[in-house]
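Trainee:
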Amino acid sequence: MNNNKKFVLLARSVGKGAMGSVFEGRDPKNGNIVALKRCDGQEDKRGKVEAQNLEKIRSKNIVRFLGYGYHESHLYIAMDLVVGEDYESFLNKLKSPLTWMEASKDMRQVMQGMKAVHSLGIIHRDLKPANLMRKQNGDMVVVDFGTSKQVNAVSAACATMVGEFVGTPVYASPEQHKRAALTAACDVFSIGVIFVEALTKKLPFL
Numbered sequence: 000m001n002n003n004k005k006f007v008l009l010a011r012s013v014g015k016g017a018m019g020s021v022f023e024g025r026d027p028k029n030g031n032i033v034a035l036k037r038c039d040g041q042e043d044k045r046g047k048v049e050a051q052n053l054e055k056i057r058s059k060n061i062v063r064f065l066g067y068g069y070h071e072s073h074l075y076i077a078m079d080l081v082v083g084e085d086y087e088s089f090l091n092k093l094k095s096p097l098t099w100m101e102a103s104k105d106m107r108q109v110m111q112g113m114k115a116v117h118s119l120g121i122i123h124r125d126l127k128p129a130n131l132m133r134k135q136n137g138d139m140v141v142v143d144f145g146t147s148k149q150v151n152a153v154s155a156a157c158a159t160m161v162g163e164f165v166g167t168p169v170y171a172s173p174e175q176h177k178r179a180a181l182t183a184a185c186d187v188f189s190i191g192v193i194f195v196e197a198l199t200k201k202l203p204f205l
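Position 13 (the sequence shown) corresponds to 12 in numbering that gives the first Met the number 0; numbering is contiguous.
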């Protein structure tokens, strides 16, 4: 794994993920501005899992992993800085729902990215508008793999800890609410909920 890469941490915060805050950084080798996710508290272990999972994925619709390292006992994960706005903000600004063509175009890109993720036996477990970025050119990028997990190669499912809920309730699949073993289907369900929300500006189960 691409360990202990050096990046310059800049002060400006650009968001918050499942496990910590995200800041702007700079790659001293080429001067490029990157996103540095700081894993807070006891999230070091999950941060390493996120880095390991992201490192394997190659898709223009998934945020690109650049490396990771430590600074003042904090684990930092470096990724491309996606310029645009999160899909939650994008949808909230709309005066009317997206058309079928518009929403289909967005969700098709998300599905394309998740196809690459699922082909590696990885599931996201927390797909929601806040974890999707819409670039200025309309490209969609899935971000924040802090809850991602490798699927069991034998059973094609992953199990959370007993009684543990992972995800965001209004976008989570029935099996997530039941704390059952999960497959890629849980991500597909979440994308379906987002699709309905984009088409109606309403959540389907509220």
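Backbone N, C-alpha and C fix where the C-beta goes; we use that ideal spot for every residue, glycine too.
Let me know the secondary structure DSSP gives residue 58 once reduced to three states.
Mentor: The sequence position of residue 58 within the sequence shown is 59, counting from 1. Of the three classes helix, strand and coil, the one that applies to residue 58 here is coil, per DSSP.
Trainee: Kindly confirm or deny that the region 95–108 and the region 129–142 touch, where touching means at least three C-beta pairs closer than 8 angstroms.
Mentor: Contact holds: three or more Cβ-Cβ distances are below 8 angstroms.
Trainee: So which of 195, 168, 111 and 119 has the shortest CA-CA distance to residue 182?
Mentor: In the sequence shown, the residue the question calls residue 182 occupies position 183. The shortest Cα separation from residue 182 among 195, 168, 111 and 119 belongs to 119.
Trainee: Can residue 74 and residue 38 be called in contact, C-beta distance under 7 angstroms?
Mentor: Translated into the one-based positions of the sequence shown, residue 74 becomes position 75. Translated into the one-based positions of the sequence shown, residue 38 becomes position 39. The answer is yes: Cβ separation under 7 angstroms.
Trainee: At what residues does the beta strand (DSSP E) containing residue 134 begin and finish?
Mentor: For the purposes of this step, residue 134 is taken as residue 135 along the sequence shown, with counting starting at 1. Note, residue 134: beta strand (DSSP E), 131–134.
Trainee: Do residue 165 and residue 133 count as a contact pair if the criterion is CB distance below 7 angstroms?
Mentor: Indexing the sequence shown from 1 puts residue 133 at position 134. Indexing the sequence shown from 1 puts residue 165 at position 166. Not in contact: residue 133 and residue 165 (Cβ atoms no closer than 7 angstroms).
Trainee: Decide if residue 52 is buried, meaning its Cβ has at least 16 other Cβ atoms within 10 Å, or exposed.
Mentor: Residue mapping note: residue 52 aligns to position 53 of the sequence shown, counting from 1. Answer is buried; the Cβ neighbour count reaches 16.
Trainee: For residue 64, which of 145, 84, 189 and 167 has the nearest alpha-carbon?
Mentor: Within the sequence shown, numbered from 1, the residue matching residue 64 stands at position 65. Residue 145 is the option with its Cα nearest to residue 64.
Trainee: With DSSP collapsed to three states, give me the class of residue 163.
Mentor: Taking the sequence shown and counting its residues from 1, the one referred to as residue 163 is at position 164. Residue 163 falls in the coil class under three-state DSSP.
Trainee: Skipping 5 residues on each side, what residues in its chain have a beta carbon closer than 6 angstroms to that of residue 86?
Mentor: For the purposes of this step, residue 86 is identified with residue 87 of the sequence shown, where counting begins at 1. Cβ within range, chain order: 128, 131 and 133.
Trainee: In the region 78–132, which residue ranges form an unbroken alpha helix (DSSP H) of at least 4 residues, counting only runs that do not cross its ends?
Mentor: With a minimum length of 4 residues, the continuous alpha helix (DSSP H) runs that stay inside the region 78–132 are 86–92 and 99–118.
Trainee: Does the separation of the CB atoms of residue 36 and residue 21 fall below 7 angstroms?
Mentor: Position 37 of the sequence shown, counting from 1, holds the residue named residue 36. Position 22 of the sequence shown, counting from 1, holds the residue named residue 21. Closer than 7 angstroms, so yes.
Trainee: On the premise that residue 187 lies in contact with residue 202, defined as a C-beta separation below 8 angstroms, what is that separation, rounded to the nearest angstrom?
Mentor: Position 203 of the sequence shown, counted from the start, is the residue given in the question as residue 202. Position 188 of the sequence shown, counted from the start, is the residue given in the question as residue 187. With a Cβ gap of about 17 angstroms, residue 202 and residue 187 do not count as contacting.
Trainee: Alpha carbon to alpha carbon, how far is residue 108 from residue 163?
Mentor: As a first step, residue 108 is located in the sequence shown; it is residue number 109 there, counting from the start. As a first step, residue 163 is located in the sequence shown; it is residue number 164 there, counting from the start. So the alpha carbons of these two residues sit roughly 30 angstroms apart.
Trainee: Classify residue 147 as buried or exposed, calling it buried when 16 or more other Cβ atoms lie within 10 Å of its own Cβ.
Mentor: The residue you call residue 147 lines up with position 148 of the sequence shown. With 16 or more Cβ atoms within 10 Å of its Cβ, residue 147 is classed as buried.
Trainee: Using CA coordinates, which residue listed in 89, 69 and 178 is at the minimum distance from residue 46?
Mentor: By one-based count along the sequence shown, residue 46 stands at place 47. Out of 89, 69 and 178, 69 has the C-alpha closest to the C-alpha of residue 46.
Trainee: Following the continuous alpha helix (DSSP H) through residue 206, name the residue where it begins and the one where it ends.
Mentor: The shown model of the chain, from 0 to 205, leaves out residue 206, and the question about it has no answer.
Trainee: Just curious, the beta strand (DSSP E) that residue 34 is in, first and last residue?
Mentor: Counted from its first residue, the sequence shown places residue 34 at position 35. Run containing residue 34: 32–38, per the beta strand (DSSP E) assignment.
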